[in-house]
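In the numbering used here, the protein residues as written are 477 to 824.
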């Protein structure tokens with residue numbers, strides 16, 4: 477069984493501590509410096525810099541009308557392959573109850589936003605980017621209000637909506653008739669139908685600072701949506717959704733072992749086959765033992781040590797392929813409120 481832990485040591489001598497995790501961050505400094513150098517070069521050339529802090533986005537293709545063109549540039553050798561967006565006339569709930577077509581919103585505007593963990597309204601947050609995507613996965617989402625009236629949102633199949641029936645984010649194409657969607661007042665509208673719309677169109681999305689959520693209007697009703705991933709490949713699980721074609725989001729440590737919610741768990745985007753190859757995934761005895769050891773580490777308060785197990789496993793298998801994503805994940809820990817709350821609870 478000792479071979480199972482070959483990437484980090486034996487079960488009895490697994491010296492994976494927060495200090496080791498800190499050294500890993502130092503070991504990835506070169507990757508961070510490389511990313512920073514690329515951003516500086518891009519900025520010097522007049523292109524928008526891509527932030528490894530997961531709030532700004534790398535871009536590809538020509539921007540038009542002052543917008544950022546998307547799709548997001550991958551940082552770990554795999555593309556998201558998906559876009560999340562709305563028709564330019566779709567109205568967004570702005571600060572103080574005003575509304576504006578998404579196609580006319582600018583960076584610096586403030587939109588009403590919600591806690592991405594609970595779906596509860598939190599007040600205005602700043603828009604830090606607006607995106608235009610040429611999409612061909614169009615769907616019409618029809619919502620039904622309590623009085624029986626309906627309205628339609630022209631969206632894309634991958635755009636996540638807060639499903640208050642399941643208490644999580646669900647792509648439009650997977651919403652179930654009758655499920656409840658959150659409004660800004662905490663009341664609900666309900667999914668009526670989701671219909672594929674043939675063709676392609678320029679569609680718009682936003683990146684919202686900190687909370688990464690906003691409200692789009694179905695008729696006169698604000699409905700909560702997530703701004704999807706913004707080009708980062710490391711961070712909180714929920715902020716990296718959707719995974720994109722050929723990819724999966726890998727919880728680090730494994731979600732089944734973690735005390736955090738699925739949404740809040742530190743994660744990186746990986747190629748599907750790579751994710752399936754690591755020890756933390758699967759039902760084998762080796763994988764079960766791996767996750768058990770992670771749970772033991774977290775039980776003793778060593779969350780970073782449990783993370784480091786997976787980081788070492790990934791790097792032993794794939795070299796530096798995922799280093800930038802891992803760096804983004806480490807950097808995101810300082811703003812992960814769920815992790816901070818868990819840590820504070822263990823150290824009152």
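Where is the CB? At the ideal position from N, CA and C, for every residue including glycine. Since this is a predicted model, take the numbers as computed values, not measurements.
Under the criterion of beta carbons closer than 8 Å, residue 655 and residue 667 qualify as touching, at roughly 5 Å.
The beta-bridge partner set that DSSP reports for residue 580 is empty.
Apart from the 5 residues on each side of it in sequence, residue 699 sits with its Cβ closer than 8 Å to the Cβ of 619, 629, 637, 657, 658, 659, 665, 691, 692, 693 in its chain, given in chain order. Residue burial is scored here from C-beta neighbours: residue 632 has at least 16 other C-beta atoms within 10 angstroms and is therefore classed as buried. Ranked by Cα distance from residue 743, the options 722, 577, 790 are led by 790. Listed in chain order, the non-local C-beta contacts of residue 627 below 7 Å within the same chain comprise 619, 694, 695, 697, local neighbours out to five positions each way being set aside. Under the three-state reduction of DSSP output, residue 819 falls in the helix class.
Of the other Cβ atoms in all chains shown, 16 or more fall within 10 Å of the Cβ of residue 805; this residue is therefore buried. When C-alpha distances from residue 584 are compared across 570, 759, 764, 726, the shortest belongs to 570.
The C-beta separation of residue 617 from residue 677 comes to about 15 Å, leaving the pair out of contact by the 8 Å criterion.
Secondary structure at residue 776: coil, using DSSP grouped into helix, strand and coil. Taking C-alpha positions only, residue 568 is separated from residue 712 by approximately 25 Å. Cβ-Cβ distances below 6 Å link residue 612 to 676 in the same chain, with the five nearest sequence neighbours on each side left out; the list follows chain order. If you draw a straight line from the Cα of residue 625 to the Cα of residue 680, it comes to about 26 Å. Going by DSSP, residue 711 is part of the beta strand (DSSP E) stretching over 710 to 712.
By the Cβ test, the segment 773 to 780 is not in contact with the segment 682 to 690, since fewer than three Cβ pairs between them sit closer than 8 Å.
Under the DSSP assignment, residue 644 falls in the beta strand (DSSP E) whose first and last residues are 644 to 647.
In this structure, the beta-carbon distance from residue 689 to residue 590 falls below 8 Å.
Here the C-alpha atom of residue 762 lies approximately 23 Å from the C-alpha atom of residue 736. Residue 643 is classed as exposed because its beta carbon has fewer than 16 other beta carbons within 10 Å across all chains shown.
With contacts defined as CB atoms closer than 8 Å, residue 601 and residue 687 qualify as a contacting pair. Using a 10 angstroms sphere on the CB of residue 783, the tally of other CB atoms reaches 16 or more, which defines it as buried.
Judged by beta-carbon spacing, residue 640 lies beyond the 8 Å limit of residue 573, meaning their Cβ atoms are not closer than that value.
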